[in-house]
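This report concerns only the one structure given below.
There are 2 protein chains.
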Amino acid sequence: MKNIIVGLLGFGNVGTGFAAILEENRKIIENTLGCSVIVKKILVRDPGKYRDTVIPEELFTADADEILTDPEIHIIVELIGGIQPACDYIKKALENGKHVVTANKAVIALYGKELFELADKNRVSIRFEGSVGGGIPIISSLTKSLAANEIEEIVGIINGTTNYILTRMDESGLGFQEALAEAQSKGFAEADPTSDIEGEDAAYKLAILTHVAFGVQVNPKEIPYTGIGQISEKEIDFARQLGYKIKLLATVRRHDGCLDLHVHPALVPFEHPLAAVSYEYNALYIRGNAVGEVMLYGKGAGSLPTGSAVLGDVIEVVQIIKNKIGEKNTFADKYQFKPKAISSGSSAYYIRLQVKDRPGVLGKITTAFGRNGISLESVVQRGRGGLSVPLIFVTHEADREMLDAALKEVSAIESVEEVASILLVQNKS
Amino acid sequence: MKNIIVGLLGFGNVGTGFAAILEENRKIIENTLGCSVIVKKILVRDPGKYRDTVIPEELFTADADEILTDPEIHIIVELIGGIQPACDYIKKALENGKHVVTANKAVIALYGKELFELADKNRVSIRFEGSVGGGIPIISSLTKSLAANEIEEIVGIINGTTNYILTRMDESGLGFQEALAEAQSKGFAEADPTSDIEGEDAAYKLAILTHVAFGVQVNPKEIPYTGIGQISEKEIDFARQLGYKIKLLATVRRHDGCLDLHVHPALVPFEHPLAAVSYEYNALYIRGNAVGEVMLYGKGAGSLPTGSAVLGDVIEVVQIIKNKIGEKNTFADKYQFKPKAISSGSSAYYIRLQVKDRPGVLGKITTAFGRNGISLESVVQRGRGGLSVPLIFVTHEADREMLDAALKEVSAIESVEEVASILLVQNKS
């Protein structure tokens, strides 16, 4: 059968990975598909820069329309990143009857619904496995193998930068800044790491997962997120002594007909499979009402892992083209959740207070918690003496509003110097 | 659009789980598909037995042909298990132009190639996600999301019974028989657990994974396997002290143009993600040349998890029917491996000797290893005194034949009483 022609937008980290895999694994891919996948054109800002590469210079162009309107091109692979012009290019490609594969989390999180509808209208496919979790088969698992499930909860470690930093702080006692610097030197953190560190990157990915799992497009900007900038090596040490790792978790769960969504550093019990996810690795822990718990684990970023996801999507789209399938791209609103459904929900909490070690202070604090309906699972005091000592509480499941009321009362107790930390605690499973 | 009609063969553990999920999640499935999935007939041995269930009695039949030749039925879901008559029913269904979904590992491992070709010939689909790893999305990940990869290695914990037993022996110091009895009482081991315990069940599943990942049908009876019957709580304890868990691993890897395949209890370093896979859980650790390491984790058996996989396949086949796709079911022989390619390959090994603690014995043993080209990573002696003491060696990567030659020489040393254990050691990753 005739070959499939691809137009590539962008030739950065993921684009070069995509091209390298396509070349390296050409034979297996041809054996699988019964045809070749040919990159005809590559959009770059400055084609002159690629004069001395192994790729023929005439493949490069700075003119997007040359690719988007080429009648020979079947599939547009968008790897520019960022919102614009990527989003307009994707739209134009779909309108021109071209299939689209992208790894662009910002565009899919913000404009997914509109783009999926546009794809349906033009009877083409749009795929985005690479937009969350690098090479981990997340989107396809949720849409296919787990399609028979009512998804109850997804808890993900979906930001490799923060997971690398937290792992290094845990295993070597590095401070946050040192660990960040190391992550940057190893290529696991960008020069400006703000979006990763503050949890914004994870919120965008969580919005995509929510759309795929629940059929609801949520504005990522409305997802409450907290980053790891406030996590000290001391906190990680306290958590370890209590049997927990601190991880940046992105969570969505169904809860009384609502969706609870948030990105937050949380204590994960050692026994939980997510506790073993270290360094730059990502993992998704999914609970479905039929399958029970499933976890998908792998490299959440990088040239080759993300390139693998993109090329996997391309291979599937080639099979769709060969079989002349009209695929449905939009996600059914399976549960008819209301848009007010965004909340940060209830959880167990880890609270660290700094207190003066005086007789009776613990009694006053626990009474204040009790009066506000906060039930405690454990209390640990580290150190002794009249100086400031940490007092650590782990609560049972509690409403955040009730917890805040309790902590207001606790703060007013004379010997309590500071509410030093409030972190979520993940259930054992 | 019109509804999709299913004929169900078998109504045991997985069959009832399948029906329960279809009922429980009916609304989500209808929202996803835009049509209903209706079970029209169920094949059972004795229809009278189901007189008082919630399912209308007239759905049950003891006559397979009533289902296999019903022109209204689109999809046959085969959940009888065992080789015959299941295999003949699947063939007849395919020949009658019906799509087939099965969770039958024996039939797919032994007759997969023939059935996939028959499906292609009749332009229908055959799916078998439930045949390996229960509800974990393994087959779809290998065939779709990871399709762009050259798979280098798959290492799986794919037998829940043995993993449950090993976990309980490890955490509570139970003996093998006690742990087995507990597994049986909890429904994690069958009354006759032979096939699970001895590794045969894992070998069948490994054959399926090999077919899917490498396009080669391997006779499961030719895969070398060793079970866990010889693993004592003492061995597990020694391994733990060295930083390892003992797991029953099913491994296939590419190696000089050959495939190494085996099922064997092995030492897995604590840091390896497979070490954290406990109780009845299964996991597949996959290494691809683009994606790097991926792990898929979940419940490997059980009514609902396997029912989830089966219904996930049915949902995909419904989409195939709706879109009038002619799908290709056969796997391309991507690598042109030769059939002689089955070997148990080289590995690092854990060797426990029982020796009389006499001066010079360690020197004689290490000299014998060295003379036979076996390089040692570590040596540990537990206990002291003239009595029989354990001496534990972990080797670097070694050929099994060379190791056997070395051990023959070691056995002949006067103070060496016994080569008590030989186990594989999994790489750190």
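Sequence lines, in order, name chains W and F.
Under my numbering, the residue at position 95 of the first sequence is numbered 97, and the numbers go up by one with no gaps.
Under my numbering, the residue at position 311 of the second sequence is numbered 313, and the numbers go up by one with no gaps.
Don't be surprised by glycine CBs; every beta carbon is placed ideally from N, CA and C.
Nothing here was measured: the structure is a model prediction, and the numbers come from that model.
On the three-state DSSP scale, how would you describe residue i?
| i | result |
| --- | --- |
| Leu176 of chain F | coil |
| Ala408 of chain W | helix |
| Lys188 of chain W | coil |
| Val262 of chain F | In the sequence on display, residue 262 of chain F carries Asp and not Val. In this structure, Asp262 of chain F counts as strand in the three-state DSSP scheme. |
| Phe20 of chain F | helix |
| Leu244 of chain F | coil |
| Val134 of chain W | coil |
| Val427 of chain F | strand |
| Thr71 of chain W | coil |
| Lys100 of chain F | coil |
| Thr253 of chain F | strand |
| Phe62 of chain F | strand |
| Arg129 of chain W | strand |
| Ala181 of chain W | helix |
| Ala121 of chain F | helix |
| Ala95 of chain W | helix |
| Ile78 of chain W | strand |
| Leu375 of chain F | The sequence as given places Gly at residue 375 of chain F; Leu does not occur at that position. Correct three-state label for Gly375 of chain F: coil. |
| Pro307 of chain F | helix |
| Glu237 of chain W | helix |
| Gln321 of chain F | helix |
| Gly84 of chain F | coil |
| Asp54 of chain F | coil |
| Val316 of chain W | helix |
| Val279 of chain W | coil |
| Ala414 of chain W | coil |
| Asp90 of chain F | helix |
| Glu32 of chain W | helix |
| Leu148 of chain F | coil |
Mark residue i as exposed unless 16 or more other C-beta atoms lie within 10 angstroms of its C-beta, in which case mark it buried.
| i | result |
| --- | --- |
| Asp65 of chain F | exposed |
| Leu70 of chain F | buried |
| Glu25 of chain F | exposed |
| Ala193 of chain F | exposed |
| Val382 of chain W | exposed |
| Thr34 of chain F | buried |
| Asn221 of chain F | exposed |
| Val164 of chain W | The identity of residue 164 of chain W in the sequence shown is Thr, whereas the question assumes Val. With 16 or more other Cβ atoms within 10 Å, it is buried. |
| Arg28 of chain F | exposed |
| Glu152 of chain W | buried |
| Arg354 of chain W | buried |
| Arg53 of chain F | exposed |
| Arg170 of chain F | buried |
| Lys4 of chain W | exposed |
| Gln321 of chain W | buried |
| Ser142 of chain F | buried |
Taking DSSP's pairing of strands, which residues face residue i in a bridge?
| i | result |
| --- | --- |
| Phe395 of chain F | F:Ile353, F:Val381 |
| Ala285 of chain W | W:Ile159, W:Tyr299 |
| Ser390 of chain W | W:Lys358 |
| Ile40 of chain W | W:Ile7 |
| Ala268 of chain W | W:Lys249, W:Leu426 |
| Val421 of chain F | F:Leu355 |
| Leu45 of chain W | W:Leu11, W:Thr63 |
| Ile153 of chain W | W:Gly290 |
| Ala400 of chain F | F:Ser349 |
For residue i, decide whether its Cβ has a neighbour in chain B, counting only Cβ atoms nearer than 8 Å.
| i | result |
| --- | --- |
| Asn165 of chain F | Protein chains in the displayed structure are W and F, and chain B is not among them. |
- Item | Near-chain W residues of the stretch 297 to 325 of chain F - C-beta to any C-beta below 7 Å | Answer in chain order: Met297, Leu298, Tyr299, Gly300, Lys301, Leu306, Pro307, Gly309, Ser310, Ala311, Leu313, Gly314, Ile317, Glu318, Asn325.
Contact residues within the stretch 56 to 77 of chain F, judged by C-beta distance below 8 Å to chain W
Taking 8 Å as the Cβ-Cβ cut-off against chain W, none of the residues of the stretch 56 to 77 of chain F qualify.
Using Cβ-Cβ distances below 7 Å, what residues of the stretch 129 to 157 of chain F are close to chain W? Glu131, Gly137, Ile138, Pro139, Ser142, Ser143, Lys146, Ser147, Leu148, Ala149, Ala150, Asn151, Glu152
*With 7 Å as the C-beta to C-beta threshold (strictly closer), list the residues of the stretch 262 to 280 of chain W near chain F in chain order.*
Pro275, Ala278
### Message
To test your reading of the DSSP string, which unbroken alpha helix (DSSP H) runs of 4 or more residues are found completely within the stretch 196 to 230 of chain F?
### Response
196 to 199, 202 to 216
* Short-range partners of chain W found in the stretch 34 to 56 of chain F, where Cβ spacing is below 7 Å -> Thr34
Along the stretch 82 to 99 of chain F, where does the CB come closer than 8 Å to a CB of chain W? Name the residues.
Going along the stretch 82 to 99 of chain F in chain order, one finds no residue with a Cβ nearer than 8 Å to chain W.
(message) By the 9 Å beta-carbon criterion, what residues does the stretch 369 to 393 of chain W contribute toward chain F?
(response) So nothing in the stretch comes that close.
Near-chain W residues of the stretch 192 to 221 of chain F - C-beta to any C-beta below 7 Å
Correct list: empty, as no residue qualifies.
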